[in-house]
Amino acid sequence: MGGRDHKVNGPTDREGEFQVTATIAWAQCLVCERLVKSYVSILHAAVCEECEQKLLQTEPADPGYEPLVESFRLFWQGVAEAAASLDSGE
Ligand SMILES: [Zn+2]
Numbered sequence: 004m005g006g007r008d009h010k011v012n013g014p015t016d017r018e019g020e021f022q023v024t025a026t027i028a029w030a031q032c033l034v035c036e037r038l039v040k041s042y043v044s045i046l047h048a049a050v051c052e053e054c055e056q057k058l059l060q061t062e063p064a065d066p067g068y069e070p071l072v073e074s075f076r077l078f079w080q081g082v083a084e085a086a087a088s089l090d091s092g093e
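Take a look at the structure:
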């Protein structure tokens with residue numbers, strides 16, 4: 004057996020435990036990937052206030068819009084895959 008350590012991304016690794024809370028805890032911003040203490044919870048994703056403002060203010064015609072949308076697209080993909088694997092019992 005090898006002795007490879009797997010580093011876990013983020014402060015916790017509770018797979019499948021989705022919770023929406025107002026608990027004050029550090030979270031990783033979905034968009035800028037910084038650890039932030041103050042954030043907005045969009046469904047199960049944490050988005051820091053800075054990025055939330057960006058999202059609100061960015062128009063589809065802005066050059067910064069695509070990367071933002073891409074961040075969310077990847078996020079939703081992950082959510083869909085997680086849900087699918089739960090459904091199939093794997
Ligand atoms: Zn952010």
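Residues in the sequence shown are numbered from 4 upward in steps of one, following this note's numbering. We put the beta carbon where it would ideally sit given N, CA and C, even for glycine.
Same chain, Cβ closer than 8 angstroms to residue i, neighbours up to 5 away in sequence not counted
i, result
"residue 68", "61 and 62"
"residue 58", "34, 50 and 71"
"residue 81", "none"
Where the beta strand (DSSP E) containing residue i begins and where it ends
i, result
"residue 72", "From DSSP, residue 72 is part of no beta strand (DSSP E) but of the alpha helix (DSSP H) over 68-90."
Start-to-end residues for the alpha helix (DSSP H) that takes in residue i
i, result
"residue 35", "Careful: residue 35 lies outside any alpha helix (DSSP H) and carries neither H nor E."
"residue 62", "It is not in any alpha helix (DSSP H) - residue 62 carries neither H nor E in the DSSP assignment."
C-beta contact flag for residue i and residue j at 9 angstroms
i, j, result
"residue 43", "residue 29", "no"
Output the residues surrounding ligand 1, defined as those with a CB atom closer than 7 angstroms to any ligand heavy atom, in chain order.
32, 34, 35, 37, 39, 50, 51, 53 and 54
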